[in-house]
DNA sequence: CATCTATTTGGCGATTTGGCAAAATAGCAA
DNA sequence: TTGCTATTTTGCCAAATCGCCAAATAGATG
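Protein chains in written order, with the working numbering: chain A, 1 to 96; chain B, 97 to 192.
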C-alpha cells in the first residue's frame, strides 16, 4: 500500500475496523445510552467477561470509548459520540 | 454472542468491517469520484493486482461496490453512496 | 495482613486476513 | 483456432482475530 493512502485513510479505517464486529458495535451503541461497567456489558452480550474486556480494549485503542475507575469497577463511556449518528444506507441494522 | 445482537448489528458491522482497511476505504472514496477498472486502482494503490481484486470482492460482497463488465475489463462503481458522507469525528482522516 | 470482587492479561487452538505469485478464466481480435 | 489483455481464483504462508480458560492485577473490605 502506498504511504499517502495509509496517512489519509489509516486512522479512519482503524475506527471502522474497531466497529466492524457486531459485539463491539452493540457495545458502542449501548454506551451511547449510558455508561456501564464491564460486568453489565457481559450480561447483555453473553460472552465470557475476558472476551468483552478485549472488545473494550479494542474500542479504547481506537479512541472510540473511554474508561474511568469508580470504586472497584471500571466504567466505560462512549468517547466518539458521532458513532451514534453513523448509519450505513440500505437495509442495514434495523434499529429505530 | 447473543443472537439478537448479531441480527441487529451484524449487517452494519459487516459494512464497517469491509471499510476497515485503508486500501478499501480509499477505493470506496475513489469510486465515489468516478467509476474505474481494476487496473487503474492497482496503479493508484500500488499493491499486486490480485490483492486489489480481492479488496474489491470484499467490498462487493459487503454490498458497497458494484461491477459491470465493459469489453474485456470490469468497471467498478460505488453502490452505497452514503459511504462518502460517513465521517468519524475527531482528527481522523485529513481529507477535506 | 488476608480476602473478596472486578477487570485485565497470557496462553491456547481454530479461524480469518493480507499479500504475492502462478494458474485459471473471460472477452476481444487476428 | 491462436494469441493477447484484463481479471479472478488458487495455493501458500505469516500475521492477526476470536473465544475460552486460567492466572495475574488492582481496589475494596475485613
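Where is the CB? At the ideal position from N, CA and C, for every residue including glycine.
Say whether chain A places a C-beta atom closer than 8 angstroms to the C-beta of residue i.
i, result
"residue 105 of chain B", "yes"
"residue 191 of chain B", "Because the pLDDT of residue 191 of chain B is 48, which lies under 50, any placement of that residue in the model is unreliable, and the number read from its coordinates should be weighed accordingly. Yes, residue 191 of chain B counts as interfacial toward chain A."
"residue 136 of chain B", "no"
"residue 176 of chain B", "yes"
"residue 182 of chain B", "yes"
"residue 139 of chain B", "no"
"residue 185 of chain B", "yes"
Going by the CB atoms, is the gap between residue j and residue i shorter than 8 angstroms?
i, j, result
"residue 113 of chain B", "residue 17 of chain A", "yes"
"residue 105 of chain B", "residue 22 of chain A", "yes"
"residue 184 of chain B", "residue 15 of chain A", "yes"
What are the boundary residues of the beta strand (DSSP E) that includes residue i?
i, result
"residue 176 of chain B", "Unbroken run through residue 176 of chain B: none, as it is neither H nor E."
"residue 87 of chain A", "Neither: residue 87 of chain A is in no beta strand (DSSP E) and is coded neither H nor E."
Give the C-beta separation of residue i and residue j to the nearest angstrom, bearing in mind that I take them to be a contact with Cβ-Cβ under 8 angstroms.
i, j, result
"residue 49 of chain A", "residue 38 of chain A", "6 angstroms"
"residue 64 of chain A", "residue 182 of chain B", "That belief does not hold up - the Cβ atoms of residue 64 of chain A and residue 182 of chain B are roughly 14 angstroms apart, past 8 angstroms."
"residue 115 of chain B", "residue 13 of chain A", "7 angstroms"
Counting only beta-carbon separations shorter than 8 angstroms, does residue i have a partner in chain B?
i, result
"residue 52 of chain A", "no"
"residue 47 of chain A", "yes"
Can you tell me whether residue i sits near the ligand FMN, meaning its C-beta is under 7 angstroms from at least one heavy atom of the ligand?
i, result
"residue 110 of chain B", "The model on display carries no ligand, and the ligand FMN is accordingly not part of it."
How is the alpha helix (DSSP H) around residue i delimited, first residue to last?
i, result
"residue 69 of chain A", "First-last for residue 69 of chain A: 65-70, but that is the beta strand (DSSP E), not the alpha helix (DSSP H)."
Q. If you measure beta-carbon to beta-carbon, which residues of the segment 151-171 of chain B are closer than 9 angstroms to chain A?
A. 159, 160
Q) Mind listing which residues of the segment 19-34 of chain A have their C-beta closer than 9 angstroms to chain B's C-betas, in chain order? A) 19, 20, 21, 22, 23, 24, 25, 26, 29
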